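Enquirer: Here you go, one structure.
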Amino acid sequence: MLRRQFLCLSGVLLAGLWLAGCSGPQYLQLSPERSTNVPQTGSGQHVTVVAVDARESEVIGTRAGGSMSTAQITVSSHELIPQLQAEAERAVHDMGFTPTTEQAQGRPTLTLELVSLQYGRGDSGQPLVDEARIEGVFRAIAQNKGTTYTGTYTSRRTQGYAVRPGEDANTRMLNDLLSDGLNRAFNDPELGQLLAR
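Okay, so the sequence shown: first residue is 1 according to the working numbering, each after it adds one.
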């Protein structure tokens with residue numbers, strides 16, 4: 001009798017967790033950070049730095065996988081772009097330049113674009129295990145003296161789970177993803193070399 005009650009209670013708890021995992025939207029506040037060293041190419045020159053959100057939508061996907069799901073995941077541009085701006089300025093400073101947001105004739109510029117950020121559902125092929133597949137794409141555009149260099153940097157992750165990730169878990173996954181993208185972008189030696197010409 002006790003075992004049956006325990007099994008029933010366990011079933012109710014698991015069902016509750018599952019329903020909680022797929023109900024309601026998530027609004028994630030991301031704060032990715034570059035964690036690797038960057039090539040030293042500058043000697044104090046001023047560089048105009050701009051971060052831009054080039055995504056088509058702030059909704060990056062749904063937790064349930066269906067396009068009509070109400071469990072949308074949203075990453076707000078007005079919260080994420082200031083963080084990317086700060087990281088881009090920090091990277092340019094660490095390269096040896098003096099970052100600024102002011103435009104000036106003939107001044108080198110570096111534009112960091114968030115091209116896409118996607119959260120989808122994969123197929124793990126295992127019973128009782130689902131997958132979250134996330135992808136982020138940055139584009140860095142360096143311009144100096146009539147020359148332009150454009151680099152595109154893609155990061156992907158696949159995470160298996162038995163219970164759908166909550167806001168904290170998704171925030172960690174996406175922060176790690178975008179941090180990896182920032183590392184890839186600012187480790188590109190071509191950016192600093194063009195800015196230093």
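A virtual CB, placed ideally from N, CA and C, is assigned to each residue, including glycine. Because the structure is a prediction, the values reported are computed rather than measured.
#1: By DSSP's criteria, Asn144 is part of a beta bridge. Which residues make up the other side?
#2: Short of 6 Å in beta carbon distance, which residues of its chain neighbour Glu167, apart from the five on each side in sequence? Order them along the chain.
#3: According to DSSP, is Glu135 helix, strand or coil?
#4: By Cβ distance below 7 Å, which residues in the same chain neighbour Cys22 in space, the five residues on each side in sequence not counted?
#5: When you compare the region 80 to 94 with the region 147 to 164, are there three or more beta-carbon pairs, one atom per stretch, that lie closer than 8 Å?
#6: Would you kindly work out how many angstroms separate the C-alpha atoms of Gly44 and Glu33, rounded to a whole number?
#7: Do Tyr149 and Gly61 have their beta-carbon atoms positioned less than 8 Å apart in this structure?
#8: Which full runs of the alpha helix (DSSP H) of 4+ residues lie inside the region 74 to 98, going along the chain?
#9: Under DSSP, the beta strand (DSSP E) around Leu114 begins and ends at which residues?
#10: Under 6 Å Cβ to Cβ from Thr98, same chain only, skipping five residues before and after it: list those, please.
#11: What separation, rounded to the nearest whole angstrom, lies between the Cα atoms of Arg133 and Leu178?
Expert: The short version:
#1: Thr147
#2: Gln26
#3: strand
#4: Unreliable placement is indicated for Cys22, whose pLDDT of 47 sits below 50; the coordinate value is still reported in the next sentence. Arg63, Ala64, Ala71, Arg164.
#5: no
#6: 23 Å
#7: no
#8: 77 to 94
#9: 109 to 122
#10: Gly44, His46
#11: 14 Å
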